[in-house]
Each structure stands twice: as C-alpha cells, then as structure tokens.
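For the sequence shown, the positions run -15 to 335 when the working numbering is used. For every residue, glycine included, the Cβ atom is placed at its ideal position computed from N, Cα and C. No experiment lies behind these values; they were computed from the predicted model shown.
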Amino acid sequence: MERETERSLSEKSRRGDREDVKVIEWEEFDHELTRLWSLSSALKLAEEKKQNLQPKLESLIQVSTESLRRSNELEEMRQRLEARKLLVEKTAASCKVTEQDVKKKEENLSTEVRSLLVGGTTLSIAKSKLQESNCQLEGESGYAHLKIVTNKLRKRQQYMVSQVSFIYPLKIEAGPSQDQELESFPGGTRLVGTKPLSQGSVRILGLPFSMAPFTKMSFFTDKKEVQKSATALGYAAHAVSLIAPSLKVPLRYPLCLGGSKTYIRDYAPYIEPSSSDMSPISTLSSKFVEFPLFLDGQDTTRAAYAVFLLNKNIEQLLNFVGENSLGPRQVLANLKELIRIIQSPDYVNSL
C-alpha cells in the first residue's frame, strides 16, 4: 500500500512539473535570458539589502524590547509609588489623630498634675496639723486637754438637753390624784427594786400616752384619749429631734414633725406599704415609706409600727450614751431615762 501511494505521488509531481515548464521560442530566448539575469541581479541586491537590514532590524527589535521592558518596570514602579503615597497619607492622618490625642492627654495630665500638686499641698497641711494634734495629745497634757474639751462638750449637751426638758417636762403619776416630777437621783443611779415605768404612768406636758388604742381599735374607744396620745407622741418626736442633733447622732428613722400629725420614715419597712404610703419624693437609689404617729382611720397596724420606730430612735440614743432600752413600748419612759442619764454628773465625768 505504501509503495502504491509513493508511486501515485511521484506521478502527480511529474505531471505538475510538466505543467509548470514553459516552452520558450528561440527568438525570445535572449530576451528571457536577459530578463532572468536582471531578476537574479535584483534578487541579489534584495538579498544584500536584506542582509544589511537584518542587523538593524534586530537592533531595533532589541531596543523596542528593552524599551517595553523598561516601560513595564516604570509602570510597576509608578504603581508602587502610588501605593506608597496612599500609605504615607494614611500614616499622616493617623499621626494627626495621634498628635491630637497626645495633646488632649497632655492637657489632662497637666490638669491632673495641678490637682495632684494641690492635693499634695493639702495633704502636707493636713499632715502638719495631724502632727500638731498628735503632739498635743501625747502625754498627760494631751489627755488632759482632751478631757477638758470633752467635759465642755458634754456640759453643753447637758445644757441643751435641759432646755428640751424644760420645753417638754416629763412627769410621773404617783397616784390617782397626784403628779410628781421625775428628778435625777444623786450620782445618776436608779432606786434599787424599782420597776420600769408603764406607759400610762409617764406624762409629757401633762398628756399621757396609752398603747391600747394603737393595738386594737373598737367602737367604744375614747376619741379624746386617742387625740391626747397622738399629741403626746408628737411632743416626744419633737423632743427626740432636738436631742439627736445635740448628741450629733443621725436618727435611723427620720421624723416629719407636724404636732399631733407627725410621721416617721422607714427606708426598709417590715410591713407591706400601700400605694398611698409611698412618698413621691424618691430617687432611683432610695425610697421610703411614711408611717403616722396617730390613728388614721380604723387601721392600727401602721400607727403601732410608727410607735415602734420612734421607740427605736430613742433606743438608738440610749445606746449612744451607754444604756439599754427599758422595753419596746416604753416610749416616754425611755425618753425620760435618756434625759436623766444625760443630766447626771456621771455623764460629764465619764470619758
């Protein structure tokens, strides 16, 4: 098969050569020869020009290639330069922000340094005063000075409490028809064998106080007795509010004075208050409930709780002067005991 294919191809080439062969007449042979000679010479010249142009073309190609390479490098460098410019701009902006922050911090630091200097000056002054006070308190002379100042302070407290006792005198009912005023015993001691006074035996400005209406309210309850008890509680609350600042003791349950319509505040009540009991004056951190020191309607629970809180205030003052309460319902007796202890000579001499 291969030999037949080669034979067919050779025959085709021979036929093609025969067809390309041009027959030239003898008369035109010289002319054709001249034409071929001129063509061959022109071909030689073209070859020579080609040979001459080839190095130039190669050099031009090399130059263009080098130029293209350099232009590409320049483009890459330009892009990197633009990226650097953007980075520099961002860095400059961040530097400006940092500079502004540094200025603000410097201003804050200078303010803090000034306040620190002022605080240091104040601290040094306080330290010098403390050293002076320590020097005064050192030794017998300092203790004597402290004792003298304390005695003066307690004498002043005695005087102020005596004024309160003069405004609101407390008396004890000795019998059914005779009243006698409670006086301080010599040396501030109590009578041996005496029992605590009941609420009905002590009067303030001649008014008694009875706990019975505050524990159970009925139809047969005497209205005048209820009103007298409310007035007596108002007097006692006023006396307590005057004695507490004299002793520089903040009351645990503040008082809203109003005579026979006095209220006492509790910031953490043990009983559930109604919506009307909540005071409108309140903050997010503290709310209080006001309880009446008088009977408001038929509800005796709130009034009894208010009496309990008032007695707690008096007990707080008794504990401050180093004594205990006579009982949870002994309001006037506790108040009388407080005044008696403060007016006793032992209160001034004790240190």
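- For the 8 Å CB-CB criterion, residue 245 and residue 193 do not form a contact.
- Excluding five sequence positions before and after residue 139, the CB atoms of its chain that fall closer than 8 Å to its own CB belong to 332, given in chain order.
- Excluding sequence positions up to five before and after residue 300, its CB lies within less than 8 Å of the CB of 233, 235 and 236, all in the same chain and listed in chain order.
- Between the alpha carbons of residue 22 and residue 28 lies a gap of roughly 10 Å.
- Looking at the backbone, the Cα of residue 304 and that of residue 226 are separated by about 15 Å.
- Here residue 239 is actually not in contact with residue 216; their C-beta atoms are around 15 Å apart, not less than 8 Å.
- Annotated three-state conformation of residue 31 is helix, per DSSP.
- Bounds of the alpha helix (DSSP H) holding residue 329 are 329 to 333.
- Under a 10 Å Cβ-count criterion, residue 84 is classified as exposed, with fewer than 16 other Cβ atoms of the shown protein chains found around its own Cβ.
- Per the C-alpha coordinates, the member of 318, 127, 93 and 26 positioned closest to residue 223 is 318.
- Assigned with DSSP and collapsed to three states, residue 229 falls in helix.
- Contact between residue 102 and residue 230 is absent: CB atoms are separated by about 36 Å, not below the 8 Å threshold.
- Taken atom to atom, the span from the alpha-carbon of residue 274 to that of residue 334 is near 38 Å.
- In the DSSP assignment, residue 193 is bridged to no other residue.
- For residue 67, the number of other beta carbons within 10 angstroms of its own is below 16, and it is reported as exposed.
- By the Cβ neighbour-count rule, residue 62 is exposed, with fewer than 16 other Cβ atoms within 10 Å of its own.
- Between residue 308 and residue 302, the gap from beta carbon to beta carbon is short of 8 Å.
- As the crow flies, the alpha-carbon of residue 97 is around 30 Å from that of residue 118.
- In the three-state DSSP reduction, residue 157 falls in the strand class (E or B).
- Residues of the same chain with a CB within less than 7 Å of the CB of residue 325, apart from the 5 flanking positions on each side, are 172, 305, 307 and 331 in chain order.
- Just so you know, the alpha carbons of residue 312 and residue 292 end up roughly 7 Å apart.
- Straight across, the Cα-Cα distance linking residue 52 with residue 77 is about 37 Å.
- A distance below 8 Å separates the beta carbons of residue 316 and residue 220.
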